[in-house]
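**Student:** Once you've had a glance at the structure underneath, I'll fire off some questions.
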Amino acid sequence: MVAKNPELFGIAELAPRILKPLRTMRNVPPPEMARRMGVSTRTYQEFENGAPALFFQRLLQFCEILRVDVQAIVAAFVLRKPNLAHVFAQNKLMLVQASAVDELDVDTREAIAAVDPLTVLDAHMQFYQQLAELGRAQLRAAGGRRDRQD
1 MVAKNPELFG IAELAPRILK PLRTMRNVPP PEMARRMGVS TRTYQEFENG APALFFQRLL
61 QFCEILRVDV QAIVAAFVLR KPNLAHVFAQ NKLMLVQASA VDELDVDTRE AIAAVDPLTV
121 LDAHMQFYQQ LAELGRAQLR AAGGRRDRQD
């Protein structure tokens, strides 16, 4: 579907705003990414700039090399919110949430699936507020510095 209509998720517009900052955050230059992905530097740059051909295949490679959360990046494209990729790429929160739900028993998963979207949103907002408090406490305990996992 995306290959036939590359602008469906704003790939050409959003790819440079999502992918380049993640690559830069990991301090990997374009020629090195190209080498790791097994493509020419030009092909890599076309990918990073949102050329639609094989975009998702390359996106999976990109995420694997940089160890960032592919679900967060895809969500950033779908929602047209580049900052989501940057917020969730480091701690793989979207993957963690999906894994947590997968660990629940069938009845619990079905009950969660039956909840209306506004209730789910409200519950997530409460969860994120609590998670932010935990993060602030960890930052204070670390003396205000944030350890990076590269």
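For the sequence shown, the working numbering gives the first residue as 1, with consecutive numbering after it. The beta-carbon is built from N, C-alpha and C at its ideal position, and this holds for glycine as well.
Can you tell me which of 68, 21, 102 puts its alpha carbon nearest to the alpha carbon of residue 49?
**Tutor:** Residue 49 has its Cα closest to that of 21, out of 68, 21, 102.
**Student:** Output needed for residue 109: all residues of its chain with C-beta closer than 7 Å, excluding positions within five of it in sequence on either side, in chain order.
**Tutor:** Contacts found: 101.
**Student:** With H, G and I counted as helix, E and B as strand and the rest as coil, what does DSSP make of residue 140?
**Tutor:** It is helical.
**Student:** Does DSSP classify residue 122 as helix, strand or coil?
**Tutor:** Residue 122: helix per DSSP, three-state reduction.
**Student:** Go ahead and pull the three-state DSSP assignment for residue 135.
**Tutor:** Helix.
**Student:** For residue 35, which residues from the same chain have a beta carbon less than 7 Å from its beta carbon, with the 5 sequence-adjacent residues on both sides left out?
**Tutor:** Closer than 7 Å at Cβ, skipping near neighbours: no residue.
**Student:** For residue 140, does the count of other Cβ atoms within 10 angstroms reach 16, so buried, or fall short, so exposed?
**Tutor:** The residue is exposed, with fewer than 16 neighbouring Cβ atoms inside 10 Å.
**Student:** Check for me: the alpha helix (DSSP H) holding residue 27 runs from which residue to which?
**Tutor:** Note, residue 27: premise wrong, no alpha helix (DSSP H); not H, not E.
**Student:** If we count the other Cβ atoms within 10 Å of its Cβ and call it buried at 16 or more, is residue 33 buried or exposed?
**Tutor:** Answer is buried; the Cβ neighbour count reaches 16.
**Student:** Thinking residue 30 and residue 43 are a contact (beta carbons under 8 Å), I'd like their distance in whole angstroms, please.
**Tutor:** Not a contact, Cβ separation roughly 10 Å.
**Student:** Ordered along the chain, which non-local residues of its own chain (more than five positions away) have a Cβ less than 7 Å from that of residue 94?
**Tutor:** If we look at residue 94 and ignore the five residues flanking it on each side, its Cβ neighbours are 69, 71, 72, 75, 88.
**Student:** Rounded to a whole number of angstroms, what is the C-alpha to C-alpha distance between residue 60 and residue 84?
**Tutor:** When rounded, the distance between both Cα atoms is 17 Å.
**Student:** What number of angstroms, rounded off, separates the C-alpha of residue 15 from the C-alpha of residue 77?
**Tutor:** Computed Cα separation, rounded: 8 Å.
**Student:** How is residue 91 classed by DSSP in three states: helix, strand or coil?
**Tutor:** Residue 91: coil per DSSP, three-state reduction.
**Student:** With a floor of 4 residues, list each alpha helix (DSSP H) that falls wholly inside the region 22-76, ordered by position along the chain.
**Tutor:** 30-37, 41-48, 55-66, all fully within the region 22-76.
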